[in-house]
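Engineer: Counting from 0, one number per residue, gives the positions in the sequence shown under numbering that gives the first Met the number 0. Virtual Cβ for every residue (Gly too), placed ideally from N, Cα, C. Treat the numbers as computed from the prediction; the structure is a model and nothing was measured.
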Amino acid sequence: MEIHTLRSRLVTRLSRSPAGVTFLLSLLLSLIATLNAGTVGSDAALYLDIAQIFTEEGWQATYRQFDWPWFSILLAVLHGVTHIPLELLAYGVCALLMAGACALMVRFLAGRVPELGWWACLVVLSVPAFNDYRGEILREYGYWFFAVLALTLCASWAERRGWLRVAAVYAAIMAAMLFRLEALFLAVAVCTWQLLSIRCLDDLRRAAELLFFPLAGSVLALLLYMLFAEAADLPRVSNFLMLLNPGELFESLQQMSAQFADSMISRHSREDAGKIVLFGVIATLLFKFWQGLGPFAVLIFYRQGLGQIIGRFQPFGWACFFYFIVLVLFFLQTQFVSGRYISMLGWLAVPFVAFLAMTFAHRYPRSSKVLAVVSVLVMLANVVSLSPTKTHYKDGAQWVAEHVPPSAAVYFQERRMYYYAGRRIEPVLPVDQVIGSAASGFDYFVLEFAAADPRLADFLTRERLHALISFENSGGEVVTIFARSHR
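#1: Please report the Cβ distance between Ala154 and Phe107, rounded to the nearest whole angstrom; I am assuming they are in contact, meaning their Cβ atoms lie under 8 Å.
#2: Check whether the segment 312 to 327 touches the segment 187 to 195, counting contact only when three or more Cβ pairs, one atom from each stretch, lie closer than 8 Å.
#3: Taking the alpha-carbon of Pro294 as reference, which of Ala272, Phe184 and Val126 has the nearest alpha-carbon?
#4: If I measure Cβ to Cβ from Leu26 and keep anything under 8 Å in the same chain, skipping five residues before and after, which residues do I get?
#5: Going by C-alpha distance, which of Met357, Ala89 and Cys120 is nearest Met104?
#6: Can you name the start and end residues of the beta strand (DSSP E) that Phe448 belongs to?
#7: Would you tell me roughly how many angstroms separate the C-alpha atoms of Trp398 and Ala420, rounded to the nearest one?
#8: Compute the Euclidean distance between the alpha carbons of Phe489 and Arg111, then round it to the nearest angstrom.
#9: For the alpha helix (DSSP H) containing Phe557, name the first residue and the last one.
#10: Quick one: Cα of Val430 to Cα of Ala482, how far?
#11: Go ahead and label Arg414 buried or exposed: buried means 16 or more other beta carbons lie within 10 angstroms of its beta carbon, across all protein chains shown.
#12: Tell me, please, whether the segment 129 to 137 touches the segment 338 to 354 by the rule of three or more beta-carbon pairs shorter than 8 Å.
#13: Please state if the CB of Arg138 and the CB of Phe184 are separated by a distance shorter than 8 Å.
#14: For the 8 Å Cβ check, are there 3 or more pairs between the segment 44 to 51 and the segment 63 to 82?
#15: If we count the other Cβ atoms within 10 Å of its Cβ and call it buried at 16 or more, is Cys199 buried or exposed?
#16: Please say whether Val280 and Leu331 have beta carbons closer to each other than 8 Å?
#17: Report yes if the C-beta distance between Trp143 and Ala109 is below 8 Å; otherwise report no.
#18: Look at Val427 and Ala449 and say whether their C-beta atoms are less than 8 Å apart.
#19: Kindly indicate which three-state DSSP category Glu425 falls into: helix, strand or coil?
#20: Helix, strand or coil for Ala482, going by three-state DSSP, please let me know.
#21: At what residues does the alpha helix (DSSP H) containing Leu402 begin and finish?
#22: Mapping DSSP to helix, strand and coil, what is Ala466?
#23: Does the beta-carbon of Gly273, which I'm using as the reference point, lie nearer than 7 Å to any heavy atom of the ligand FMN?
#24: Grab the span of the alpha helix (DSSP H) containing Cys120 for me, first residue to last.
#25: Look at the alpha carbon of Ser436 and the alpha carbon of Phe444, and state the distance between them as a whole number of angstroms.
#26: Where does Thr460 land, buried or exposed, given buried means 16+ other C-beta within 10 angstroms?
#27: Using DSSP with H/G/I as helix, E/B as strand and the rest coil, what is Glu476?
#28: What are the residues that DSSP puts in a beta bridge with Glu471?
#29: Tell me the DSSP secondary structure of His82 in three-state form.
#30: Could you compute how far the alpha carbon of Gly291 sits from the alpha carbon of Ser374?
#31: To the nearest whole angstrom, what separates the beta carbons of Ala396 and Met378, a pair I think is in contact under 8 Å?
#32: Considering Thr191, what are the terminal residues of the alpha helix (DSSP H) in which it resides?
#33: Is the distance from the Cβ of Val122 to the Cβ of Ala296 below 8 Å?
#34: Drop a sphere of 10 angstroms on the beta-carbon of Lys274, count the other beta-carbons inside from all chains shown, and report buried for 16 or more, exposed for fewer.
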């Protein structure tokens, strides 16, 4: 009887707490995705390797390997305290950060509009923009968690004020920056939000309260950078500042425009190449963002009442705007952008997507049920993959660990194979370069080619290589280990 009563109380409490349900469901989804993963990702292998370096060799060796190693250091410290196996610990930390970000978002939205809680739960657990990455070990999880925390704390500060709340906002932003440096855009967003909301003297005092920390911090950071930039060796910070350099940005846009103009036939089109490139970049980013919304992408055609609610969900609106600018600048400077970069835009749009879903459900209750069912299916599709796992990477790397002398120089075509072979991860040369002319420094080669692949014929003959063994996964993907014939 007591067990039945406790169960009833638990069910009742959870039914009244969409944030709590979101947290538990997020952990479950991450567990399913992790069990379905098979192998760690390429970036995960790097983070785990750096954590091992920090544990065994200390800070200097860690920084030489990677110039923004704070996520790996966190894993190393937790590993030293808990003695949980590093890979398992990393999966657990990422799952908790993801669940925390989801629960924070739902709690914030339910606090603004109580009936929004369950739609927020559905949106935050199913949007592919960031849910596609469950089951991976990424520093983005900490970035997402602390970004959401910073924005929700900022919204709370706007209602209750106080210096401690302001300090908490910027502490969360700084924590997010330790995972990804571009989280600095959050400070710009919250400051702009307050500056543009000044209508009276009290608003000015409130804005000054929020602006004090970033202004003081900016002056201090600028002085420290000017004094110690060369001695401190901060390539990550230097590269970030280069992205913001108007001269570099204009030069990059000119280069992209010239490349595009050379491919065009019409002279008039060549004259507009810069505009075409700029608006093409913007359109590409918008399309990728829209695509990442999954089933909720249809709501872009239903915007009823959105204008009335934007103010209630600030500073998320300004954060969306400034992060989109960051994406445009990054695209123009580097000429590429990945889904992981756009994922933050998905997080920032969750309040507006959830509100659109709720208003859509009010007006079209039957259609909204279809949307909810499709969202649940997408939620499962995000974490259950039917494609074959990369077990051949692990099998090949473990064979190298067992049969190849540690002193031998081995070329791995895929970075994660270094991790599974128990070797320090090294910069991976492009395979075309190795096959073409850069093979002399290696004794063994672990390549994603079949032993009889005709593309390797000249390479094998020239380097006097022979195949030792091949490994194949369930999808027919292969890695083959080659060695020099004189060994």
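Structural biologist: According to the structure shown:
#1: To locate residue 154, count along the sequence shown from 1; it is residue 155. To locate residue 107, count along the sequence shown from 1; it is residue 108. Right, their Cβ atoms sit about 7 Å apart.
#2: yes
#3: The count along the sequence shown starts at 1 and reaches residue 294 at position 295. Of the listed residues, the one whose Cα sits closest to Pro294 is Val126.
#4: Translated into positions along the sequence shown, residue 26 becomes position 27. Answer for Leu26: Ala94, Leu95 and Ala98, listed in chain order.
#5: Within the sequence shown, numbered from 1, the residue matching residue 104 stands at position 105. Nearest C-alpha to Met104: Cys120.
#6: Counted from its first residue, the sequence shown places residue 448 at position 449. Neither: Phe448 is in no beta strand (DSSP E) and is coded neither H nor E.
#7: Within the sequence shown, residue 398 is the residue found at index 399, counting from 1. Within the sequence shown, residue 420 is the residue found at index 421, counting from 1. Those two C-alpha atoms are separated by around 8 Å.
#8: With the chain running from 0 to 486 in the structure shown, residue 489 is simply not present.
#9: The question about residue 557 has no answer, for the chain in this structure spans 0 to 486.
#10: As a working note, residue 430 is residue 431 in the sequence shown. As a working note, residue 482 is residue 483 in the sequence shown. Taking the straight line joining both Cα atoms gives about 16 Å.
#11: Within the sequence shown, the letter at position 415 stands for residue 414. Flag for Arg414 reads buried.
#12: yes
#13: As a first step, residue 184 is located in the sequence shown; it is residue number 185 there, counting from the start. As a first step, residue 138 is located in the sequence shown; it is residue number 139 there, counting from the start. Their beta carbons are not under 8 Å apart, which means Phe184 does not touch Arg138 by this criterion.
#14: yes
#15: Taking the sequence shown and counting its residues from 1, one reaches residue 199 at position 200. Its Cβ having fewer than 16 others within 10 Å, Cys199 is exposed.
#16: On the sequence shown, position 332 is the one that residue 331 refers to. On the sequence shown, position 281 is the one that residue 280 refers to. Yes, the pair counts as a contact, with Cβ atoms nearer than the cut-off.
#17: Stepping through the sequence shown from its first residue, residue 143 is reached at position 144. Stepping through the sequence shown from its first residue, residue 109 is reached at position 110. Result no, Cβ atoms of Trp143 and Ala109 do not sit closer than 8 Å.
#18: Your numbering for residue 427 matches position 428 in the sequence shown. Your numbering for residue 449 matches position 450 in the sequence shown. For Val427 and Ala449, no; Cβs fall outside 8 Å.
#19: Numbered from its first residue, the sequence shown carries residue 425 at position 426. Note: Glu425 maps to coil in three-state DSSP.
#20: Here residue 482 refers to the residue found at position 483 when the sequence shown is read from its first residue. In the structure shown, Ala482 sits in a strand (DSSP, three-state: E or B).
#21: For the purposes of this step, residue 402 is taken as the residue at position 403 of the sequence shown. It should be noted that the sequence gives His, not Leu, for residue 402. Looking at the DSSP string, the run of the alpha helix (DSSP H) that includes His402 is Thr390 to His402.
#22: Along the sequence shown, read from residue 1 onward, the residue named residue 466 stands at position 467. In this structure, Ala466 counts as strand in the three-state DSSP scheme.
#23: For the structure depicted, the ligand FMN is absent and the ligand set is empty, with no information on it obtainable.
#24: For this step, residue 120 is matched to residue 121 along the sequence shown. Its alpha helix (DSSP H) spans residues Gly116 to Ser125.
#25: Within the sequence shown, the letter at position 437 stands for residue 436. Within the sequence shown, the letter at position 445 stands for residue 444. Approximately 14 Å, taken between the alpha carbons.
#26: Within the sequence shown, the letter at position 461 stands for residue 460. Result: exposed.
#27: Working through the sequence shown from its first residue, we reach residue 476 at position 477. Residue state, collapsed to three classes: coil.
#28: Position 472 of the sequence shown holds residue 471. Glu471 is bridged to Val477.
#29: In the sequence shown, residue 82 corresponds to position 83, counting from 1. His82 falls in the coil class under three-state DSSP.
#30: If you number the sequence shown from 1, residue 291 lands on position 292. If you number the sequence shown from 1, residue 374 lands on position 375. For Gly291 and Ser374, the distance between alpha carbons rounds to 13 Å.
#31: As a first step, residue 396 is located in the sequence shown; it is residue number 397 there, counting from the start. As a first step, residue 378 is located in the sequence shown; it is residue number 379 there, counting from the start. In fact, because the Cβ distance is near 33 Å, the residues do not count as touching under 8 Å.
#32: On the sequence shown, residue 191 is found 192 positions in, with the first residue counted as 1. It spans Phe184 to Leu194 - the alpha helix (DSSP H) in which Thr191 sits, taken as one unbroken run.
#33: Here the question's residue 122 lines up with position 123 in the sequence shown. Here the question's residue 296 lines up with position 297 in the sequence shown. No, Cβ-Cβ distance for Val122 and Ala296 is not below 8 Å.
#34: Here residue 274 refers to the residue found at position 275 of the sequence shown. Flag for Lys274 reads exposed.
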